[in-house]
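All the letters of the sequence shown, read from the start, carry residue numbers 1173 to 1899 under the numbering used here. Idealized CB from N, CA, C, for every residue including glycine. The model shown is predicted, which means the values in this text are computed figures rather than measured ones. Below is one structure, written out as structure tokens, with a few remarks after it.
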Amino acid sequence: MDVDRLKGGMASIRLQGQLIKDGWAGVVAGALVIPQAMAFGMMLWLPVGISAAAAAASGIFAAVFLSLCSGIARGTVGMVSAPTGPTLVLLSGLVNALIAYDLDPSVLITAVLITIFLAGVFQVVMALLRLGHLVKFMPYPVVSGFMTGTGLLMLESQWPHLLGDGADLTMSEGGWLPAATAAVTLFCIQWAQKRHLRIPGLILGLVVGVVFFHLMSMGMNIPALWLVGSLPSLEAPRLMVSGIQLPAIPWELVLPTAMALAVLASLDTLLTSVVADLSTGHRHSSRRELFGQGCGHILSACSGGMAGAGTTGATLAAIQSGGSRHAALMTAGVTLLFFLFAGKGAAWLPVSVLSGIIIYIALFNLLDRDILLWLKTRRARVDALIALVVTGVTLWFDLMSAVGLGIALAMIEFIRTQAQSAIIRQRWNLHERTSMRRRRSEERQALAEHAESVVGYALQGNLFFGTADHLLEKIMQDLSRADFIILDMRHLNQVDLTGLRLIEHMCGIMRERGAELLLAHPPKSMGLVKRKGHRHERLMPYHEHVRLRSFADADAALEYAEDHLLERLGFARPESDETIDLGETSLLQGFSRKEREILEAYFVLRSFPAGFLLFQTGEPGDTLYVLLRGDVEIRIPGKRKRKKRIAVTRYGPGMAFGEVAFLNPGPRTADAITVQASELALISNRDLQRLCRTHPTLAMRLLMALGHEISRDLRAADSRIRHLVED
1173 MDVDRLKGGM ASIRLQGQLI KDGWAGVVAG ALVIPQAMAF GMMLWLPVGI
1223 SAAAAAASGI FAAVFLSLCS GIARGTVGMV SAPTGPTLVL LSGLVNALIA
1273 YDLDPSVLIT AVLITIFLAG VFQVVMALLR LGHLVKFMPY PVVSGFMTGT
1323 GLLMLESQWP HLLGDGADLT MSEGGWLPAA TAAVTLFCIQ WAQKRHLRIP
1373 GLILGLVVGV VFFHLMSMGM NIPALWLVGS LPSLEAPRLM VSGIQLPAIP
1423 WELVLPTAMA LAVLASLDTL LTSVVADLST GHRHSSRREL FGQGCGHILS
1473 ACSGGMAGAG TTGATLAAIQ SGGSRHAALM TAGVTLLFFL FAGKGAAWLP
1523 VSVLSGIIIY IALFNLLDRD ILLWLKTRRA RVDALIALVV TGVTLWFDLM
1573 SAVGLGIALA MIEFIRTQAQ SAIIRQRWNL HERTSMRRRR SEERQALAEH
1623 AESVVGYALQ GNLFFGTADH LLEKIMQDLS RADFIILDMR HLNQVDLTGL
1673 RLIEHMCGIM RERGAELLLA HPPKSMGLVK RKGHRHERLM PYHEHVRLRS
1723 FADADAALEY AEDHLLERLG FARPESDETI DLGETSLLQG FSRKEREILE
1773 AYFVLRSFPA GFLLFQTGEP GDTLYVLLRG DVEIRIPGKR KRKKRIAVTR
1823 YGPGMAFGEV AFLNPGPRTA DAITVQASEL ALISNRDLQR LCRTHPTLAM
1873 RLLMALGHEI SRDLRAADSR IRHLVED
């Protein structure tokens, strides 16, 4: 009982300690989020005619609700959310488009807030449908183009504030002050970031910028619009939908913008989640995170806020300050407390200081200078072109069009990447690879002499319209000369209709000259179902006049090709129920008839049913087995004890196995199982010793013959191991 109480007390202490760290992380992150949120709120709503204070409050509301809902959802450890540059620019483009419709200001504001509301709904739907992982497939050059275009638009939007917001003041009257204040703020932020000071750069720049502005403005009659003003409590634009406003809203603009906003905010958030994961060592849940972000957007829209996403700077600051699961909730609380109790202090906050913060974010957080480096590298020039195209569309059209273009470019980039990827993983013939079936020396020699008659291609990736022509070019020469071509599809993900047509075409070419195309391990999308044994075949869908042979694995296909090639070369295969004499086996072929009769007396003939375990791994043994009829498979255990044994070799009539324990009695290294009813000749190590005493010369020659068999097997094993390493 005392131990349980002690454990509970320790857990309570750890929880309290973590809450203190989360509280401090919330203060640090809030200090970064608040000025950024106020600046972005003003940038969005000032063109609509809303006061600077109410516009700044809109950004605060967004930061509060986004961080609050994200923290409750607990999708990402340490995630802090607030208004961001990409979402701001997209909404600014919507505002400009709505202004062109000549709407009433109240209808315009309602349309923007409904867009944010619907974006939140779309994010919730994406979370419920588990579509978060699809959003992350946006190529980096497209994201880079978004960010760069957003940064340039943010820089452009600050020119009016730097020039005094239309105030007709000369340089001597203080017209230079806004630009100078923004420059001082920008310099201080960048200086603090380079020096890695304990105080965040945004806070230092904010404080120094405010002090500089008021010191320089002493004795000047500065315009009121140069200051933000006290933050109101309820003056921020609120979502008030009426039946009169709804018909006036241009839904053809609002709906696609809401979808684009949902995709863009989700992408921005999930990228920040990845950054947070790298810093915390945890793994985020895209479903939970998108659900929280969607709920945050819904509440933000209802309260008159704006859109946002996860912010990298504030998130990293919170994590580095010790923040964990509750950092987002603490940040929301700190931001709300600032709005409630310190909002009056915004009356002293210059707009130009917020402009300096926006310029810093645009220059150092959004503009991707790597695009210029990509242009210098041949392999990356296509990526640079994609990024520049997206940037241009963002600048000269709008971010919504850039999002649509980005999705289209993502699809094109995927097709381009797949088309350029090597569809052929490896090519091999009978010199590099043979089947697991052990064959007589003359059969092995014949297969080696006709190695190019059986050719295999290990495929990878996707066989679709982008890679089909490339495969045909690479395989065309073998189509005209090989007797058997094996397509190993084990690493192939998908085959589309174009790929099926190509396979039909190759099959037709080979059948015209009596050759065969064999498929190994075909994907399920081809509609080939397994039948009995190792081989399975079915008519190809859409091509019922073409019959293909398909196999469960490449080795089964290779054994089929070897068997039929040997038949064409004049080697007759014994029937499954046919028994060969011991003297006809490869082990005794070099002996005379009289010598064979002497040796056969030392062998014991035994019959075994199908599925009989001759010996198993670890079992002591000293016997050599010579197969006279049937089939025997050698298997080794897998990595797990309960896992099915792996077949490594198959022996047919005339082959010998078990030679390791025969020469050096001890534990067996594999299992031997009869595949069908079999007859074998057995000789033990004790019989060999008896032969050595009575007929030493014959014993020596028998060992020499067995050594030749082992050496040939080792060469074949070496070739197979080399192939497996390359595969």
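In this chain, the alpha helix (DSSP H) harbouring S1458 covers S1458 to S1475.
Shown here for N1857: same chain residues with a beta carbon closer than 7 angstroms to its own, the five before and five after excluded, namely D1794, F1834 and P1837 in chain order. For W1600, DSSP records a beta bridge to G1628. With a cutoff of 8 angstroms on beta-carbon distance, A1623 and L1643 are scored as not near each other.
Residue state for T1821 is assigned as strand, using DSSP reduced to three classes. If you draw a straight line from the Cα of L1509 to the Cα of H1663, it is about 57 angstroms long. A distance of 8 angstroms or more separates the beta carbons of A1430 and L1303.
The C-beta distance from L1691 to V1776 rounds to 44 angstroms, too long to meet the 8 angstroms contact threshold. Under the DSSP assignment, I1808 falls in the beta strand (DSSP E) whose first and last residues are V1804 to I1808. According to DSSP, T1444 shares a beta bridge with no other residue. Distance from the CA of L1759 to the CA of G1830, rounded to the nearest whole angstrom, comes to 13 angstroms. Bounds of any alpha helix (DSSP H) do not take in H1498, whose DSSP letter is neither H nor E.
The beta carbon of V1205 sits closer than 8 angstroms to those of A1235, S1239, V1252, A1254, T1483, A1486, T1503 and T1507, all from its chain and outside the five residues before and after it, given in chain order. In the DSSP assignment, T1841 falls outside any beta strand (DSSP E) and carries neither an H nor an E. Rounded to the nearest angstrom, the gap between the Cα atoms of M1678 and L1631 is 15 angstroms. Listed in chain order, the alpha helix (DSSP H) elements of length 4 or more contained wholly in the stretch 1345–1369 are 1349–1367. Fewer than three beta-carbon pairs drawn from the stretch 1582–1600 and the stretch 1341–1355 are found closer than 8 angstroms, and the two stretches are therefore not classed as touching. Around G1317, the same chain offers A1559, V1562 and T1563 as residues with beta carbons nearer than 6 angstroms, after the five sequence neighbours per side are excluded. Residue pairing by DSSP leaves R1662 without any beta bridge partner.
I1529 and L1378 have their C-alpha atoms spaced approximately 8 angstroms apart. Separation of the CB atoms of G1464 and G1198 is rounded to 17 angstroms, and the pair is thereby denied contact status at 8 angstroms. The C-alpha of L1545 is placed about 28 angstroms away from the C-alpha of Q1330. Here the alpha carbons of A1481 and P1419 stand approximately 30 angstroms from one another. In the assembly as shown, R1862 is an exposed residue. Its beta-carbon has fewer than 16 other beta-carbons within 10 Å. Taking every protein chain shown into account, the CB of W1520 has fewer than 16 other CB atoms within 10 angstroms, so this residue is exposed.
Counted as a single uninterrupted DSSP element, the stretch harbouring R1801 is not any alpha helix (DSSP H) but the beta strand (DSSP E) occupying residues T1795 to R1801. C-alpha of E1756 to C-alpha of I1845: approximately 23 angstroms in a straight line.
Going by beta carbons, C1241 and G1495 fall outside the 8 angstroms limit.
Every alpha helix (DSSP H) of 4 residues or more that sits fully in the stretch 1765–1798 is shown, in chain order, as 1765–1772. The distance from the Cβ of M1210 to that of G1231 is about 5 angstroms, consistent with a contact at the 8 angstroms cut-off.
Sorting L1799, D1727 and V1447 by C-alpha distance to the C-alpha of D1753 places L1799 at the top. Here N1857 carries a helix assignment [DSSP, helix/strand/coil].
Scanning I1770, D1668, F1237 and S1652 for the CA closest to the CA of A1473 turns up F1237.
In this structure, A1582 lies away from L1462, with their beta-carbon atoms at least 8 angstroms apart.
One alpha carbon belongs to R1455, the other to L1659, and they sit about 39 angstroms apart. Fewer than three beta-carbon pairs drawn from the stretch 1636–1653 and the stretch 1768–1782 are found closer than 8 angstroms, and the two stretches are therefore not classed as touching.
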